[in-house]
Each structure stands twice: as C-alpha cells, then as structure tokens.
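Q:
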Amino acid sequence: MYSVGLVALYEKINQNVEEIIVDTTHGINYFTIMTQLLARDLASILSVKQRETKVKVSYYNAIPKTIGEFLMAKVYSDAKPSIRALDQLSNNELRIAYNTLNYNAPLALVYFLKEFNEKIPKLDEIYSKVKLSEEQGKLRVDYNLIGQGVKKMNDTYLKLLMRTIKDNFNVNGDVSVKLLRDITDIVYKLISEASSSIIIRELDKLFNCVRDNAEMIASKGKVNYKDIYPMCTQSNTGEAQGCEEVLSEDNKRNFIAHGGLLEEIVEIKVTNEVSKENIFLSYGKCWEKVKEFLSK
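Residue numbers (our numbering): 115 to 410.
1) Return the bridge partner residues of T180 from the DSSP annotation.
2) Would you kindly work out how many angstroms separate the C-alpha atoms of L223 and L215, rounded to a whole number?
3) I'd like the list of long-range same chain contacts for G263, defined as Cβ closer than 8 angstroms, with 5 residues on each side in sequence excluded.
4) With DSSP as the reference, label K280 as helix, strand or coil.
5) With DSSP collapsed to three states, give me the class of I260.
6) Using 8 angstroms as the Cβ pair cut-off and three pairs as the minimum, do the segment 333-341 and the segment 377-385 touch?
7) Spatial neighbours of M276 within its chain, please: CB distance less than 6 angstroms, with the 5 preceding and 5 following residues excluded, ordered by chain position.
8) Can you name the residues that DSSP bridges to F394?
9) Assuming contact is defined by CB atoms lying nearer than 7 angstroms, are S409 and N218 in contact in what I supplied?
10) Terminal residues of the continuous beta strand (DSSP E) containing I134?
11) What separation, rounded to the nearest whole angstrom, lies between the Cα atoms of S311 and K126?
12) Where does Y174 sit, in a helix, a strand or coil, going by DSSP?
13) Out of K170, A176, K179 and I177, state which residue places its alpha-carbon closest to the alpha-carbon of I197.
14) E316 and G373 - do their beta-carbons sit closer together than 7 angstroms?
15) By Cβ distance below 7 angstroms, which residues in the same chain neighbour R325 in space, the five residues on each side in sequence not counted?
16) Only counting the same chain, and skipping five residues up and downstream in sequence, which positions put a Cβ closer than 6 angstroms to that of K194?
17) Cα separation between Y302 and E248?
18) Find out if the Cβ-Cβ distance for the pair L156, Y116 is shorter than 7 angstroms.
19) Is V337 helix, strand or coil when you go by DSSP?
20) Could you say which of I134, N213, L293 and L376 lies nearest to D341 if we only look at CA atoms?
21) Pop quiz: V289 and L395 are said to be a contact at Cβ under 8 angstroms. What is the actual Cβ separation, rounded to whole angstroms?
22) Report yes if the CB atom of A176 is closer than 7 angstroms to the CB atom of T146, and no otherwise.
23) Can you tell me the Cα-Cα spacing of F283 and L293, whole angstroms?
24) Work out the CA separation of D281 and K405 for me, nearest whole Å.
25) Pull up the DSSP beta-bridge partners for K188, would you.
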C-alpha cells in the first residue's frame, strides 16, 4: 500500500510543492504510521526534484467537538524531511546505492547512477497485477504485487530517490567538482548537515590542491590524487597502497571522513583554466573495488 501510494503521488505531482498536509485521523492504527512515513519520504524526494524548494510536511488530527462535528488540530510539522536510514534492502545493487549516500560519497553516487537503469513501474502496471475472482460466492482480491518492483517499501523509496537524482543532475560524461558540489548541496544536506560539511571540506581541499599544482596536472593530462596530495598537505603519505588495501572494512571510517575522495583511488583531470567546472574526478580502475566495498 505504501509503495502504490508513493508511486501514485509522485506520478501525479507535476508542479512545485511547498507543503504536504497529512490527516492522521484513521480508524486503523497502522494507517497513521504508514501515511506519516509516506509523506516524509515523498517530501524528501520532491525536495531533490525541485532543488530550490524544500517541501515541509504538516500533520493534522481530528478532535471531536460535538457528535458529528470535529476540529482539525495541527499536531506536528517537519520543516525539512530528511532522506531516511534504510535498514533492509533486497540486493547488493541497492546496498551500493544506499551506501553512496550513507558513506558521504557523491563521486561514487554519480558512478552508480551512470549504471543505474532500474525502471520504476507506472501505476497502471502495478494495478494490472490486481486480480479479481469469485470464490464460494465471495469476491476475492489478489493484490500481492508478485513480480513487481514495488513489493518492498524501502526498495521502492530508494529506487525512486535514485531515479529522481539521475533525472535532475547531469551524471553523464566526466564528473566535475561543480557537479559533486551541486549534488552535495541538494542531496547530502537532506541526509545531514554533517554529511554535507564533510564533503564540502574535502572538495574544497582537493580544489585548492589542484589550483596550486595546475601546471603540472595540465602537462600530464591526468594525475592520481596521491601524486599531488603530499605537496598540498605537507605530509608523507607513506608506502603507496592499491585499491584493495585502501578499500577494506578497517578503512571504512577513513572513507566516510574523506567523502569517498581518498587520495589512493581518485584520478584528477583539468581542462582549460582551473575552476570547479573544469576539474574532473574519476575512480578509474578502482571503481569495481569501490562498488565491492559499498556492497558490504
């Protein structure tokens, strides 16, 4: 029911929305919980889609005044619903998608979206799975969504979120620092201010490092981040490590703390003058190892 509602509302909303109003007065207890969750999830997805307009959610409840008369009371308002934590997902692909968000890794997110071709079922496709039949003189409704991609609500939410990000940011072609900054400002701020602050700090550090070594990078065409990192940080990085050594379970906190921009796995290219639009990042041959790391 959650999945059908989320897909249906997303399909129907074709203009900017500033507020979602939810009536939590239900005769069945779980309806209240479901509609609250659905409204928050829809608001977070629409906030990505609209970019400049954040969607708030207001909850109202009916309070009896007289027999047959009720007052609508505002019980709660969420000014900026966040992208929520997801504890159960169906497969490795979705775990990779979620961990690009959970691990503060916008470059990994863009790489994932380049490969993401998951189709979100249209509402009429979902309804086509509803079967009506007569059984012992009674109407039987078979509505279990077998074979549909909207059977599990966490999966549906994450797929729709990923599709929205892909549709609203140009993830094709080279990945610029400007693109990663834009995604951070819109998407990662909806996760937490801490996440966006970490990523912005790392992007700024990388940008300053590239600016200070622009001539050398331009002459080579492309460099590994580790080739210029010591010159920018005035530190000795020690023995060089490969993708596999760096992308270990023991190094997860370090990956998160650096916004997925570890010096050992990032390649840098500069075109024309140094600007956020003209600095391009990639994982190069390390991407498959990054995916494996994010799938755990």
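A virtual CB, placed ideally from N, CA and C, is assigned to each residue, including glycine. Everything numeric in this text was worked out from a predicted model, so none of it was measured.
A: The short version:
1) Here the question's residue 180 lines up with position 66 in the sequence shown. In the DSSP assignment, the residues bridged to T180 are E183.
2) Position 109 of the sequence shown holds residue 223. Position 101 of the sequence shown holds residue 215. Those two C-alpha atoms are separated by around 7 angstroms.
3) As a first step, residue 263 is located in the sequence shown; it is residue number 149 there, counting from the start. Low confidence applies to G263: its pLDDT is 48, below 50, so where it sits in the model is not reliable, and the reading given next is rough at best. If we look at G263 and ignore the five residues flanking it on each side, its Cβ neighbours are E232, K233, I234, P235, D269, T270 and K273.
4) Taking the first residue of the sequence shown as 1, we reach residue 280 at position 166. Under the three-state reduction of DSSP, K280 is assigned to helix.
5) Locating residue 260 in the sequence shown gives position 146, where the first residue counts as 1. Because the pLDDT of I260 is 48, which lies under 50, any placement of that residue in the model is unreliable, and the number read from its coordinates should be weighed accordingly. Coil, per DSSP.
6) Yes: the two stretches touch, three or more of their Cβ pairs being nearer than 8 angstroms.
7) Here residue 276 corresponds to residue number 162 of the sequence shown, with the count starting at 1. Result list for M276: A211 and F230, in chain order.
8) Here residue 394 refers to the residue found at position 280 of the sequence shown. Paired residues: S290 and K383.
9) Translated into the one-based positions of the sequence shown, residue 409 becomes position 295. Translated into the one-based positions of the sequence shown, residue 218 becomes position 104. Cβ distance not < 7 angstroms, so S409 and N218 don't count as in contact.
10) Residue numbering aside, residue 134 sits at position 20 when the sequence shown is read from its first letter. Residues E133 to D137.
11) Here residue 311 refers to the residue found at position 197 when the sequence shown is read from its first residue. Here residue 126 refers to the residue found at position 12 when the sequence shown is read from its first residue. Rounded to the nearest angstrom, the two C-alpha atoms are 34 angstroms apart.
12) As a position in the sequence shown, residue 174 is number 60, starting the count at 1. The answer is strand: DSSP assigns Y174 an E or B state.
13) Indexing the sequence shown from 1 puts residue 197 at position 83. Out of K170, A176, K179 and I177, K170 has the C-alpha closest to the C-alpha of I197.
14) In the sequence shown, counting from the first residue as 1, residue 373 sits at position 259. In the sequence shown, counting from the first residue as 1, residue 316 sits at position 202. Taking 7 angstroms as the Cβ cut-off, G373 and E316 qualify as a contacting pair.
15) Within the sequence shown, the letter at position 211 stands for residue 325. So the list reads V388, once near-sequence residues are dropped.
16) Here the question's residue 194 lines up with position 80 in the sequence shown. Only K168 meet the Cβ criterion.
17) The residue labelled residue 302 in the question sits at position 188 within the sequence shown. The residue labelled residue 248 in the question sits at position 134 within the sequence shown. The straight-line gap from Cα to Cα measures roughly 50 angstroms.
18) Translated into positions along the sequence shown, residue 156 becomes position 42. Translated into positions along the sequence shown, residue 116 becomes position 2. L156 places its beta carbon 7 angstroms or farther from that of Y116.
19) Against the sequence shown, residue 337 aligns to sequence position 223. Looking at V337 - three-state DSSP - the assignment turns out to be strand.
20) Reading the sequence shown from its first residue, position 227 is the one you call residue 341. Nearest of I134, N213, L293 and L376 to D341, Cα basis: L376.
21) Reading the sequence shown from its first residue, position 175 is the one you call residue 289. Reading the sequence shown from its first residue, position 281 is the one you call residue 395. Indeed they touch by this definition, with Cβ atoms about 5 angstroms apart.
22) Stepping through the sequence shown from its first residue, residue 176 is reached at position 62. Stepping through the sequence shown from its first residue, residue 146 is reached at position 32. Not closer than 7 angstroms, so no.
23) Looking up residue 283 in the sequence shown gives position 169. Looking up residue 293 in the sequence shown gives position 179. Rounded to the nearest angstrom, the two C-alpha atoms are 8 angstroms apart.
24) Taking the sequence shown and counting its residues from 1, the one referred to as residue 405 is at position 291. Taking the sequence shown and counting its residues from 1, the one referred to as residue 281 is at position 167. Just so you know, the alpha carbons of K405 and D281 end up roughly 22 angstroms apart.
25) To locate residue 188, count along the sequence shown from 1; it is residue 74. Its beta-bridge partners are Y174.
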